[in-house]
Amino acid sequence: MHACLTTATTTTPPPAFVTFAPYHSCPFTYRVQWRYLKGVPMAKAAAVNMVDDIKPPTYLIVGKVILYAMYIWIIFGIIMLGIRVFLLAFSANPETPFVNFVYDTSASFLQPFRGIFPPKPVGETGYLDIASLFAMIMYGLIGWGFSALIHYIQSKMDTYTEAARIRLARQREAQAQATRLAGRQTAQPVRTATTTNAKPVASSSRTVR
């Protein structure tokens, strides 16, 4: 007698579920695990990097760029004023191109504070420009304010990006779960059975006397 033959086949891919968690240094990673149908061993988990291009609002980007430009302009002005104080204290020759450039450039930054404090003589020909020192302090405070605004806008951008990533991750997880449930409902094993039964052969015995 031949044994019964049973085969099971499926044409649908195995369902999967998605869990999102940090992976290495990637800011946003999905860890995808594939599980086969009942009766088939689970495959090894595969980690897949899926970096989503999530951009913050345009007004935050534009505001950050403007603040960075203003911050760089302030730092440049402080540097020019500091060089001006040094050159005036040591009686630098104003006829040289570099000294002339520093005096002309720093004059525009010094203009709002010119004449607030009188200069103090240093040595025989040099003098200490106290107004320039005061201008450096004021521009430093303004630069600190710009730096605080830059950090504030950056925190808003990070909060928006993180919220968008979490929302996208939940949407993809829901889609993956729906795909898994649909795969379980549609994937029905096909069972075929083949049975071979051998008919008994009649035998007779005669006794010969």
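Taking my numbering, I'd label the letters of the sequence shown as residues 746 to 954.
Beta carbons: idealized from backbone N, C-alpha and C, even for Gly.
1) Would you list the one or two residues that DSSP bridges to K865?
2) For Y897, count neighbouring C-beta atoms within 10 Å of its own C-beta (all shown protein chains included) and say buried if the count is 16 or more, exposed if not.
3) Drop a sphere of 10 angstroms on the beta-carbon of Y884, count the other beta-carbons inside from all chains shown, and report buried for 16 or more, exposed for fewer.
4) Return the chain-ordered list of same chain residues with a C-beta closer than 7 Å to the C-beta of K800, the five sequence neighbours on each side being excluded.
5) Mapping the DSSP letters down to three states, classify S836 as helix, strand or coil.
6) Out of curiosity, what's the CA-to-CA distance linking Y905 and Q922?
7) Report, in whole angstroms, the separation of the C-beta atoms of G860 and A834, which I expect to be a contact under 8 Å.
8) Put T931 into one of helix, strand or coil per three-state DSSP.
9) What's the gap between the Cα of R929 and the Cα of I911?
10) Between L855 and the rest of its own chain, which residues show a CB-CB distance below 7 Å, the 5 nearest in sequence each way excluded?
11) Are at least three pairs of beta-carbons, each pair with one atom in the region 836 to 843 and one in the region 809 to 825, less than 8 Å apart?
12) Count the other CB atoms, across all protein chains shown, that sit within 10 Å of the CB of L886; report buried if there are 16 or more and exposed otherwise.
13) Taking the alpha-carbon of G888 as reference, which of I824, V830, R925, I819 has the nearest alpha-carbon?
14) Buried or exposed: which applies to L832, given that a residue is buried once 16 or more other Cβ atoms fall within 10 Å of its Cβ?
15) Let me know if G822 comes out buried or exposed under the rule of 16 or more other beta-carbons within 10 Å of its beta-carbon.
16) Have a look at R925 and E918 and give me their C-alpha separation to the nearest angstrom.
17) Could you check whether D874 and V830 sit closer than 7 Å to each other, using their CB atoms as the reference points?
18) In chain order, what residues of the same chain have a beta carbon less than 8 Å from the beta carbon of K901, not counting five sequence neighbours either side?
19) Let me check understanding here. Comparing Cα to Cα, which of M815, I824, T803, I817 lies closest to I882?
20) Within the present structure, is the beta-carbon of S900 separated from the nearest heavy atom of the ligand MN by less than 6 Å?
Taking the definition as stated:
1) L873
2) exposed
3) buried
4) none
5) coil
6) If I take the Cα positions, the gap works out to 26 Å.
7) No, G860 and A834 are not in contact; Cβ-Cβ is about 19 Å, not under 8 Å.
8) helix
9) Rounded to the nearest angstrom, the two C-alpha atoms are 27 Å apart.
10) L826, A876, S877, A880
11) no
12) exposed
13) Taking only the C-alpha atoms, the option nearest G888 is I819.
14) buried
15) buried
16) Answer to the nearest angstrom: the Cα atoms are 10 Å apart.
17) yes
18) P801, L805
19) Among M815, I824, T803, I817, the Cα nearest to that of I882 belongs to I824.
20) The model depicted lacks the ligand MN and carries no ligand whatsoever.
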